[in-house]
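Just so you know, the sequences run in chain order A and B. One gets the working numbering by counting positions in the first sequence from 1 and adding 1 to each. One gets the working numbering by counting positions in the second sequence from 1 and adding 106 to each. Even glycine gets a Cβ: it sits at the ideal position worked out from N, Cα and C.
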Amino acid sequence: MRADLARVLGLWRPRATWLLGGIAAAAVAALLGLALLAMAGERVAALAAGGLLLLPLVVLRPASRWVERMLTHAATFRALADTRVWFFRRLAERMPAGIGLHRSGDLLGRLVADVEALDRLYLSAIVPVLTAIVVVLVTLALLAGAPLLAALVALPLAVALLLPLLLAPGAARAAAAGATAQGRLRAAAVDPLMGIEDTLAANAEARAGAALATEGAALAAAQRRLAWRGAWAGAAGAVLVQAALLGALGWGLETGASGLGLAVLGLFLAVAAAESIGTLPRAGTTLAIAAASARRLFEAADTPAPVAEPVTPAELPAGYALRLEHIRFAWTPDRPPVFEDLALEVPEGARLALLGPSGAGKSSLAALLLKLAAPQEGRITLGGVDLANLPADAVRRRIACLTQDARLFDDSIAANLRIAAPTAPDAALWRALDRAGIGELVRTLPDGLATGCGEGGARFSGGQARRLALARVLLSAAPVLILDEPTAGLDAETERAFLETLETVTAGRSVILITHRLTGVERPTRILRLVGGRVLSAAG
Amino acid sequence: MITPGEGNAGAARALLRQQSKALRGHVLRPVAFGLAATITGLLGAWLVARLVAALLGHPGAGWDDLAATGALALLGIGLGLAQERSQLAAGEAARARLRDAAFARLLALGPADPRGVGERASLVVDRIEALDGYFARWLPAAALALLAPLVVIVAAFMVDGRSALVLAIAGLLYPIAMALTGIGAAAASRRQFESLERLSGRFLDRMRGLPTLVLFNRQEEEATALGTAADELRARTMRVLRIAFLSGTAMELLAAGAIACTAWRYGGFAGDPTAGVFALLLVPAFFAPLRAFSAAYHERLAATGAAAALAPLLDRPAAEGLALEAMPPRVVVTFSDVRLSYDPARAPALDGLSFRVNAGETLVLAGPSGAGKSSVLRLLMGFIRPDAGRMAINGQDAMALRPEELRRLSSYIGQKPHLFRGSIRENIRFARPEATAAQVEAAAQAARVTDFAAALPEGLDTAVGEGGWGLSGGQAQRVALARAFLRDTPLVLLDEPTAHLDPGTEAEVIESLQRLCLGRTAIIASHSGARAQLGRVLEIAAGRVPGTARQVPA
């Protein structure tokens, strides 16, 4: 935990000035609050006649709180922006094996939540803890005249400072249990919805509802344990503050008139400190959650790159014929190999249909060709050059892929298409849209190419979004196209229309069409069937 | 195209109001504990004030009072814990209630719901979780922000009218200050917050699409753009916060002012200082519930967003209709001029389809993709309702039944049967939970699940589904067949049961299918070449039987 948090702080080092400035402002604001209440107390107790200092404090204290909040938030935003960009780059460099092709959006989305959890680390843990330390030290200094009183007031407050550290490990366990419970709850919701037809067909609505309610109750129990820890910690903090207060009063009763001034000062210091100390115990939970987030982030950021970049990259060949020889490939050593002695040739301009049931490795083949994974044995050549000797970005300039989860971004249609070709003129965009069979629809939109797609293409139906993604791939200049179930989500009519034109729209390029069935209109030059990790020629 | 508008926000507020009313009992408890804690705190403050007076030479209080103060403090802390506990319970009750309702509606929407599974699951997980703070923190905090300061003012009044006046003025100024800064904040922020959300969504958006970006070599450009967007986001956010924080500052100013006024009033006062010290200690007690209110304010915003997403779902009326009184032993299905359209812009899926299937007969619906074969099965399963025409079971209107009652008549196997997380045995039993072990075993035998299960590590108890043993399409198809055998209904509906199977497996599955259909009424959608051996073939095209006169819909 400590190592992860230290590494987060390391990432934030360039913003140290801002972060420390925020802490200083918070300390000043807390001390002004202390001064306000203590001076008012002294005055009411008729111990100090002066009240002139009180007036500026009435304005200074709120102003300092405003400055504190502005500074700490500005600092957090700066640090967080750095973390985001760092993490994005890091993850892009080493897209973990398999993540590129399988339902990875949600996983990546969860990592975003982890990055965002880090902002609490500074605002809700680091700032209050350091502020409280300053408050305790100043209290100690002010009461230094009476060591016993200083100890009676400052000691409970100092113990309160230790609470977050003492509570963090337990809170971390409770938070982890909560995360597990949440995962189970999600699974209890997803499973019956994934098989919604089967759920309904079995009249299992009530059973699915009961299963979800059980997991919901389990999650609530886990959250209750975590919240309960926080509540007890808060209660402990309150007890300690009260102990300081009673300590000051008791000391005053015992000492009598001679210690009057200091006793009243101690009393009101304790009252004022309650505000800074009161938020501390919750900082333990924040610390634990931030540490867990940091752990997950660094785990993802530290995965070794699945395919090493060549030390001395070869020249990009002019040709684009693909050849796979004796490929043996497994995603991990403990899983059965997807391919055993796979051999395959895709000559320039070939249209290859690759059939096979799901799980036969069709998408794994795409991962190998795109250098998202490397075979354990055998070699793949592009234009006669071993893929292992070509840098990944060069390969991806030659081979474009429409993955099953190709995503539309929350941006205009034009911006989404230009991801494939940043400098393409509008005419090229329209051509690609027409080829994908969606140009007509885009023309009817009032904003045309400037129409926003919404998050994940939410503005469009599944079939329309799929065709936009297809247009993007068609726009790319890559001579080799991999189309992984290009017509998934399209209705039968559109599917036929698209597949019939496949030959014309991809003229002059190699196409690898990955599908679980052929409709009969594709006219591929070759049909191959993936069975048991090998390729078999199949009759059309 | 969906844009959340004003209507949505209204529906969200209505939903939250209605739920708060239903959960009143749960929400009142923390408020009661909170008020009790406030009163305990006031008593404690009074004792502390007396003790300070004693220190200053106004005898009356001693060690007993100190002990009582400690006891009161402990009581107050205990009450605070009780408040927290009852708040948690309120949140839990609210979530359980809403989750049950939302999930039941989601299931009732069925396969017709166009949203992705992840999105729907997030409605019953994330959106419901986001409502927790509203019931657990915002509602109690809002009630206490009204009531607790009043209690404090009453306590102050009993000791000193003018201190009470100071607090009352501060209390009245609070909403005014909130409104003044709030108006400024709202004016500055409404548009700002929208763009702010868009920008912070950008990171999520680009992260989710990272694979796409990497495949197009665009990751570096996006990283740079993200940095720029983050800078812009920060600048905008800080502009909003500059004003938003003013409301907090206004409260601090009021608190500081109240402290100074009290100090001023009692400063240099020679008499018994008990009232003065008490009045001073009341100031933090007065502002604490207001602070808690401000802290819980964002819970309301988060909940409104979640409620807006949930309201359309929860507002849907439950399906109405009759229950199936007795399971008929034999079933005749009649379609008369049934029409169905998914999208008014496109050709209808069923365009006046009529046919009849006699009891015990197997009807194979044949025709090209999109001819309407699956729609017939979906109608009979109650997944969708026809736009016009009549669908009858044994002469009775099938639409009069509630969809789930209609489904009790049928065993249905879709194109891609889903295997739920659990063992194969549990997956078969899913069709009829009350079945005996022997019946499950027999169904597994009949569908020839036992043939391949024998080779699995734990036979029928092998875990399948997400994270379990991966079964091939043909094997999953046979598990679904076993479900149908076990369910043992008079009507069997099969949608392309052999579409994804290789020829060898297809023959085996068809053999089991024939046994399943024996003695039952069956409708099979299929374009496979093996269909003729299953039963009478009815060709349909463009949503009707070719050659029949196309009637003009009324």
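Item                                                                                                                : Value
Alpha carbon of L597(B) to alpha carbon of S516(B), nearest angstrom                                                : 5 Å
Nearest to A203(A) (by Cα), restricted to the options F209(B), E510(B), L446(B), A417(B)                            : E510(B)
Minimum C-alpha distance to R79(A) - residue among A212(A), G453(A), G521(A), Y123(A)                               : Y123(A)
When R211(B), D378(B), P450(B), A199(B) are compared against D238(B), the one with the closest alpha-carbon         : A199(B)
Identity of the residues DSSP links to G453(A) by a beta bridge                                                     : S413(A)
Own chain, CB closer than 7 Å to G449(A), minus 5 neighbours either side, in chain order                            : V443
Short CB-CB distance (under 8 Å) between L310(B) and chain A                                                        : yes
Contact the stretch 164–182 of chain B vs the stretch 112–129 of chain B: 3+ CB pairs below 8 Å                     : no
8 Å Cβ cutoff, H74(A) in contact with chain B                                                                       : yes
Closer than 8 Å at the beta carbon, the chain A residues around N500(B)                                             : Here the premise fails: no neighbours, minimum Cβ distance about 20 Å.
Backbone secondary structure at I490(B) - three-state DSSP                                                          : coil
Three-way DSSP call (helix, strand, coil) for R327(A) in this model                                                 : Contrary to the premise, residue 327(A) reads as His rather than Arg in this sequence. If DSSP states are grouped into helix, strand and coil, H327(A) belongs with the strands.
Residue burial classification, V658(B) (beta-carbon count within 10 angstroms, cutoff 16)                           : Per-residue confidence for V658(B) stands at a pLDDT of 47, beneath the threshold of 50, marking its modelled position as unreliable; no derived number is given.
Contact between the stretch 244–262 of chain A and the stretch 84–93 of chain A (3+ Cβ pairs under 8 Å)             : no
Reference Q183(A); option with closest CA among L61(A), A27(A), T215(A)                                             : T215(A)
Whole-angstrom distance between A248(B) and A398(B), CA atom to CA atom                                             : 9 Å
Cβ separation of A401(A) and A479(A), assumed to be a contact under 8 Å, to the nearest whole Å                     : 4 Å
C-beta contact flag for G520(B) and D199(A) at 8 Å                                                                  : yes
Identity of the residue in K372(A), R44(A), L10(A) nearest W370(B) by Cα                                            : R44(A)
Same chain only: Cβ atoms within 8 Å of L194(B), ignoring 5 sequence neighbours per side                            : A242
Separation of A374(A) from A368(A), as counted between CA atoms                                                     : 6 Å
Partner residues on chain B for T200(A), Cβ-Cβ distance less than 7 Å                                               : L213
Outcome for V312(A) when other beta-carbon atoms lying within 10 angstroms are tallied against a minimum of 16      : exposed
Own chain residues within Cβ distance below 7 Å of A275(A), not counting five before or after                       : V242
Simplified DSSP state of L369(A), which is helix, strand or coil                                                    : helix
Close-in-space but distant-in-sequence residues of the same chain around R524(A) (CB under 6 Å, 5 per side omitted) : E504
Selected residue, minimal CA-CA separation from T495(A), among G438(A), E326(A), V532(A)                            : G438(A)
Test: D170(B) CB closer than 8 Å to a CB of chain A                                                                 : no
Cutoff 8 Å: R408(A) Cβ touching any chain B Cβ                                                                      : yes
Outcome for N533(B) when other beta-carbon atoms lying within 10 angstroms are tallied against a minimum of 16      : buried
Residue environment, Q377(A), which counts as buried when at least 16 other CB atoms sit within 10 Å                : exposed
Backbone CA spacing between A472(A) and M313(B) [nearest angstrom]                                                  : 22 Å
Inter-residue Cα distance where the pair is F499(A) and D435(A)                                                     : 10 Å
CA-to-CA distance, G488(B) to L663(B), given in whole angstroms                                                     : Residue 663(B) lies beyond the stretch modelled for chain B, which goes from 107 to 660, so this question has no answer here.
Simplified DSSP assignment, three categories, for L268(A)                                                           : helix
Proximity below 8 Å, CB of V154(A) to CB of A271(A)                                                                 : yes
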